[in-house]
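S.K.:
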Amino acid sequence: MNEPKHGSPVVEKTAHLLEAVADAKTGISLGALVDQLRVPRSTVYRILNSLTAHGLVARVNGGASYELGPKFVELARRISPGADRVTLIEAARPILAAAAERVMESFKLAVPEGHEMMTIFAASSPGDYALFIKVGGRSRKHVGAAGKLALAYADYGEAEAYCAGGLEAKTPYTITDPEALKEALVEIRRNGYAEDNQESNLGLRAFAAPVFDDRGALIATVSVPFIGEATPDRARSIKREVLEAAGTLTKSINGVHPLFK
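Take the sequence shown: its letters are residues 2 to 262, numbered as in this note's numbering.
(1) In whole angstroms, what separates the C-alpha of F213 from that of Q37?
(2) Would you tell me roughly how many angstroms separate the C-alpha atoms of G159 and S238, rounded to the nearest one?
(3) Answer yes or no: do A207 and G145 have a C-beta to C-beta separation smaller than 8 Å?
(4) Using the rule of at least 16 other Cβ atoms within 10 Å of the residue's Cβ for burial, across every protein chain shown, is I48 buried or exposed?
(5) For S253, which residues in the same chain have their Cβ closer than 6 Å to its Cβ, ignoring the five residues on either side in sequence?
(6) Determine the burial state of H258: buried for a count of at least 16 other Cβ atoms within 10 Å of its Cβ, exposed for fewer.
(7) Need the endpoints of the alpha helix (DSSP H) that S107 sits in, please.
(8) Would you kindly report the start and end of the unbroken beta strand (DSSP E) that includes D215?
(9) Considering just the uninterrupted stretch of the alpha helix (DSSP H) at E20, what are its terminal residues?
(10) How many whole angstroms separate the CB atoms of I121 and L250, which I take to be in contact at a CB cut-off of 8 Å?
(11) For A181, which option in N202, Y194 and A153 has the closest C-alpha, if you only look at C-alpha atoms?
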């Protein structure tokens with residue numbers, strides 16, 4: 002652990018501890034922090050207590066592991082308009098976690114960034130065959146349910162410009178014809194959800210539903226990727242959970258569907 006020549010050792014240890022907590026996917030224990038940081042247990046314990054008191058870290062579900070605390074959300078809101086994503090993630094966390102428990106599949110929250118969709122949060126499922134979703138992962142919009150949904154609710158000119166840039170194939174099922182994609186986008190907007198039928202990866206399917214802001218603009222998507230064929234009842238169950246989760250999230254951030262704005 003390198004420290005600046007004229008820095009504060011306590012601040013340096015605290016900064017490294019916060020980085021370790023932030024990097025942990027499902028929280029990190031006191032013992033794991035001691036091992037990772039190579040700092041005395043008593044020092045780590047005191048730092049954690051202070052950070053917890055200030056809301057900078059918190060116990061995961063009141064247990065023995067730690068995650069970043071709510072104070073970071075408050076601080077992030079002061080940084081820039083882009084910090085609204087932090088608010089969105091915090092609103093989505095309990096909604097998607099509960100849905101993942103019910104449907105036994107992992108849920109993904111993604112946002113549009115240019116010609117791509119970026120995953121900003123994932124709620125893992127306890128199911129044995131649920132997929133692991135990488136936060137920070139990106140994909141082109143025309144190759145998945147979430148991206149097609151974003152294009153469907155975008156301005157006409159934006160969708161036209163996207164199609165003009167070329168539609169490369171990820172699998173034999175990827176839509177690569179601009180006119181076929183435009184027809185699909187009309188159907189997606191009519192239905193209010195999108196599907197991925199092995200268009201992004203062979204064997205992978207997904208349902209996605211939109212999240213709207215207070216102006217009725219799509220700002221994110223909720224989706225569930227799953228492997229293999231689902232029975233009709235299973236498919237309906239997954240689609241229902243995706244639509245309900247996206248609708249609940251929209252309401253929780255005071256968003257409104259464009260039909261009702």
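Where is the CB? At the ideal position from N, CA and C, for every residue including glycine.
This one's a predicted model, so the numbers in the text were calculated from it and none came from an experiment.
M.R.: Considering the structure as presented:
(1) Residue numbering aside, residue 213 sits at position 212 when the sequence shown is read from its first letter. Residue numbering aside, residue 37 sits at position 36 when the sequence shown is read from its first letter. So the alpha carbons of these two residues sit roughly 41 Å apart.
(2) Taking the first residue of the sequence shown as position 1, residue 159 is located at position 158. Taking the first residue of the sequence shown as position 1, residue 238 is located at position 237. According to the sequence as given, residue 159 is Glu; it is not Gly. When rounded, the separation of the alpha-carbon atoms in E159 and S238 is 32 Å.
(3) In the sequence shown, residue 207 corresponds to position 206, counting from 1. In the sequence shown, residue 145 corresponds to position 144, counting from 1. Note that the C-beta distance between A207 and G145 is below 8 Å.
(4) For this step, residue 48 is matched to residue 47 along the sequence shown. Buried, because 16 or more other Cβ atoms sit within 10 Å of the Cβ of I48.
(5) Taking the sequence shown and counting its residues from 1, the one referred to as residue 253 is at position 252. Answer for S253: A92, listed in chain order.
(6) Residue 258 sits at position 257 when you count from the first residue of the sequence shown. By the C-beta density criterion, H258 is exposed, having fewer than 16 other C-beta atoms within 10 angstroms.
(7) On the sequence shown, position 106 is the one that residue 107 refers to. Note, S107: premise wrong, no alpha helix (DSSP H); not H, not E.
(8) For the purposes of this step, residue 215 is taken as the residue at position 214 of the sequence shown. If you look at D215, you'll find it isn't in any beta strand (DSSP E); DSSP assigns it neither H nor E.
(9) As a first step, residue 20 is located in the sequence shown; it is residue number 19 there, counting from the start. Where E20 is concerned, the enclosing alpha helix (DSSP H) starts and stops at P10 to D24.
(10) By one-based count along the sequence shown, residue 121 stands at place 120. By one-based count along the sequence shown, residue 250 stands at place 249. That belief does not hold up - the Cβ atoms of I121 and L250 are roughly 12 Å apart, past 8 Å.
(11) Working through the sequence shown from its first residue, we reach residue 181 at position 180. If you compare the alpha carbons of N202, Y194 and A153 with that of A181, the shortest gap goes to A153.
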